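What follows is a set of notes on a single structure, which appears directly below.
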Amino acid sequence: MEAKTAFILLLALPLIASPVIYILGRVEYRFLYRRVVAARWLCLLVLGATWFPLLQLRAPVLEEGAVLWPIGRVVLQLDGLGFFLAVTVLGLATLVTIFSFQYVKDEPDEEKYYALLAALTASMIGLGCTRDLFNLWVWFEAMAITSYLLVAFHHEQKSSLEAAVKYLVQSAVGSLLVLLGIALVFMLTATLDLESIRPLMAASGAIGLVAGGLVIVGFGVKTAMVPMHTWLPDAHS
824 MEAKTAFILL LALPLIASPV IYILGRVEYR FLYRRVVAAR WLCLLVLGAT
874 WFPLLQLRAP VLEEGAVLWP IGRVVLQLDG LGFFLAVTVL GLATLVTIFS
924 FQYVKDEPDE EKYYALLAAL TASMIGLGCT RDLFNLWVWF EAMAITSYLL
974 VAFHHEQKSS LEAAVKYLVQ SAVGSLLVLL GIALVFMLTA TLDLESIRPL
1024 MAASGAIGLV AGGLVIVGFG VKTAMVPMHT WLPDAHS
């Protein structure tokens, strides 16, 4: 398998499977006595299949340093760090899926849970494959939205819904701060390429520090970095 094909499959498999899992689950729920079995196994099967293109990319990443996937003006890049992140995310997602067979088997909208889990996996892998600041934000937002929907999974419970709303509001503030920081970076450097902005930002002075601070604080809010973690206890309660 060519490296580019494997790269495409790495992201496409869980991303495309997400709506398929949901639709299959709804069909199951309606016609098979409200049981959602195939959706669970399809999620696990897709995550298991995603290991194949990921492992195919190991040799090209080690030999060439990175595998590129140009999509118009956007270029995705899987390097050593991105490969490590993909292995970690996919491994955890596989274990979470197996654990969830018992954990959510009696929950309503179970198929929605597995569909969101597949989408979250794809967005987190994509996050490690970006090479520019704006698309880093885009993938992060995709991850945040699916995370929000998973936090609100028990929406019939007041505490769960309250935690989801708190997360959504604070995440929106974090997104705004990151966008302001990205705008300042682009104003200073005329590029958002992560490799290119490093030397340019080093010579940008006080405004560069402000831009970096906005990005760090914004992502800090979204990732619950202390002391910006006030939404996290409720989300895990």
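To get the numbering used here, take the position in the sequence shown, counting from 1, and add 823. Just so you know, even glycine gets a beta-carbon here, dropped at the ideal spot from N, CA and C. Being a predicted model, the structure only gives us computed values, none of them experimental.
Between which residues of its own chain and residue i is the CB-CB distance below 8 Å, once the five residues before and five after are set aside?
i: Leu943; result: Ala916, Met966, Thr969, Ser970 and Leu973
i: Leu865; result: Ala840, Val843, Ile844, Leu847 and Tyr937
Closest to residue i by C-alpha separation, out of the options, would be which residue?
i: Val850; options: Ser923, Ala909, Pro837 and Asp932; result: Asp932
i: Phe922; options: Val1049, Gly903 and Leu867; result: Leu867
i: Asp955; options: Ala889, Glu825, Tyr852 and Val897; result: Val897
i: Ala1047; options: Pro1022, Lys827 and Tyr990; result: Tyr990
i: Thr828; options: Tyr852, Pro893, Gly888 and Val860; result: Pro893
Run the CB neighbour count on residue i, radius 10 Å, all protein chains shown included, and call it buried at 16 or more, exposed below.
i: Tyr926; result: exposed
i: Ala1013; result: exposed
i: Met947; result: buried
i: Ala1029; result: exposed
i: Pro876; result: buried
i: Phe906; result: buried
i: Leu834; result: buried
i: Asp929; result: exposed
i: Ile1005; result: buried
i: Leu885; result: exposed
i: Leu878; result: exposed
i: Thr920; result: buried
i: Ala882; result: exposed
i: Ala1026; result: exposed
Determine which residues share a DSSP beta bridge with residue i and list them.
i: Tyr838; result: It is worth fixing the name first, because residue 838 is Leu in this sequence and not Tyr. Answer is none; Leu838 lacks a bridge partner.
i: Val919; result: According to DSSP, which records beta bridges pairwise, Val919 is partnered with nothing at all.
i: Val1065; result: The requested residue 1065 is not part of the displayed model; the chain covers only 824 to 1060.
i: Thr902; result: At residue 902 the sequence reads Asp, which differs from the Thr that was named. Ala889.
i: Thr953; result: Leu899
i: Asp932; result: Answer by DSSP bridge pairing: none, since Asp932 is not bridged.
If we call anything under 9 Å between Cβ atoms a contact, is residue i one with residue j?
i: Leu959; j: Leu891; result: no
i: Gly1035; j: Met1024; result: yes
i: Ala941; j: Leu847; result: no
i: Leu918; j: Ala909; result: no
i: Thr873; j: Leu913; result: yes
i: Val1038; j: Leu1000; result: yes
i: Lys935; j: Phe976; result: yes
i: Ile1020; j: Val1008; result: yes
i: Leu899; j: Phe854; result: no
i: Leu904; j: Gly949; result: no
i: Leu1003; j: Gly1031; result: no
i: Ala826; j: Leu880; result: yes
i: Thr911; j: Gln993; result: no
Keeping to the same chain, check which residues put their C-beta closer than 6 Å to that of residue i; ignore five residues upstream and five downstream.
i: Ala938; result: Ser841, Ile844 and Tyr845
i: Gly997; result: Gly1041, Val1044 and Lys1045
Got a sec? Which residues, its chain only, sit under 7 Å from residue i by beta carbon, not counting five neighbours each side?
i: Leu836; result: Val869, Ala872 and Thr873
i: Phe957; result: Ile1005 and Leu1015
i: Arg863; result: Phe924 and Tyr937
i: Ala987; result: Tyr971, Val974 and Ala975
i: Ala889; result: Gln900, Leu901 and Asp902
i: Leu832; result: Pro876
Kindly indicate if chain B contains any beta-carbon less than 9 Å away from that of residue i.
i: Val927; result: No chain B appears in the structure shown, which is made up of a single protein chain.
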